[in-house]
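See structure below.
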Amino acid sequence: MVTVQNITNYDKEHPTAITIGTFDGVHIGHQKILRRLIKNAKLLDLKSTVLTFFPHPRMVLQKDADIKLLNTIDEKIKILESLGLDYLIIHPFTKEFSRFSATDFVRDILVNSLRTKKIIIGYDHRFGRNRDANITDLMAFGSTLDFEVEEIPAQEIDEVSVSSTKIRKALEEGDVETANKYLGYSYMLTGRVKKGKGLGKKLNFPTANLFIEEPYKLVPKNGVYVVQCTMGKAIVSGMMNIGFNPTVSGKEKSIEIHFFDLEKDLYHQKLQIDIVARIRDEHKFDSVDSLKIQLQKDKLTSLSMLSQ
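As structure tokens, this is what we get:
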């Protein structure tokens, strides 16, 4: 997959079959649409292309929107690449761009810049300034500007919408099993390891403190989770705590991962943590010794879950 930053950088050599959207989560509903796009592109000898925008339009148009997304832009690129797309075009979303008329968007961007010959899009898709154009308008443009529009029916779009809502709700409630079912993969947190207070080491459970740079990334409910991380060619398992470490009077929220059977300096490394399951809520224990006993139980629980 070729990732292109900004529509103007597309080389125009290849005509495209395209779909447009934010595709947050790239979940099983999205994947169904994208597989259809790829199949159509191959049949028509076109390049399968996703046009998406960053920042998310709500971040730009609704400054007070406390939006939480399922993917960072880098995570989205990685997932889309695994599906076998030809092109991912990420265009900067600005207030100026939002003022493009429907005619200008279709003519200048879809037809002249991206050489679109087929668009696969939802029945409820709206575009142009103030989102005043719909799929009927898009089909009318297609008849005069020589591209075909394939409508994704209401049932499939509703499934996509419900999935996104359910995934966010499930993660906020700590229901990783439901989230992963709708995603079709393990929910991930990607960040860099920063230096912590060394409390885990004192408990004989040294941890990597994960710092996520993107404030819009949705972090699941506080608690203890079973996780895995690919390091080189190896998959390393562990357990992760999201929360405030109340037993030792923690003041700041942290994401800490204890990897099993790993002795390695991970400071400053960027890690992708795949969340397999949730073990329990975060608790304040009567003593540090009680916490150590619980951590040992958590480790046994994690290993049992991973062996199933």
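Going by my numbering, the sequence shown opens with residue -16, and the numbers climb by one from there.
Here a beta-carbon is modelled for each residue, glycine too, at the ideal position from N, C-alpha and C.
Measuring CB atoms only, is the segment 162 to 172 touching the segment 252 to 267, in the sense that at least three cross pairs come out at less than 8 Å? yes
So the candidates are GLY183, HIS251, ALA153 and ASP244; which of them puts its Cα closest to the Cα of ASN205? ALA153
Under a CB-based cut-off of 8 Å, is HIS13 close to chain C? Looking for chain C here will not work: only one protein chain is present.
Looking only at its own chain, which residues have a Cβ that is under 6 Å from the Cβ of LYS200, when we skip the five neighbours before and after it? THR55
Between THR2, GLU239, LYS216 and PHE80, which has its C-alpha nearest LEU121's C-alpha? THR2
To the nearest angstrom, how far is the alpha carbon of THR284 from that of PHE83? 54 Å
Straight-line gap, LYS216 to THR190 (C-alpha atoms, nearest Å): 21 Å
Are VAL94 and LEU128 closer than 8 Å when you measure CB to CB? yes
Please report how far the alpha carbon of THR(-1) lies from the alpha carbon of LYS101, in whole angstroms. 7 Å
Validate contact between the segment 265 to 276 and the segment 218 to 233 using beta carbons, cut 8 Å, 3 pairs: yes
Since ASN163 and GLY179 are thought to touch, with beta carbons under 8 Å apart, how far apart are those beta carbons, to the nearest angstrom? No, ASN163 and GLY179 are not in contact; Cβ-Cβ is about 27 Å, not under 8 Å.
N-terminal and C-terminal residue of the alpha helix (DSSP H) that SER220 is part of: Looking at the DSSP string, SER220 is not in any alpha helix (DSSP H); the run it does join, the beta strand (DSSP E), is 217 to 226.
Identity of the residues DSSP links to LYS30 by a beta bridge: THR(-1)
With the cut-off set at 8 Å, would you say ARG98 and LYS(-5) are in Cβ contact? yes
Quick check on DSSP: helix, strand or coil for ASN163? helix
Please go through the same chain and pick out, in chain order, the residues whose beta-carbon is closer than 7 Å to the beta-carbon of ARG109, but skip the five residues on each side of it. ALA116 and ASN117
On a Cα-Cα basis, can you pick out the residue from ILE21, GLU58 and ALA123 that is closest to GLY67? ILE21
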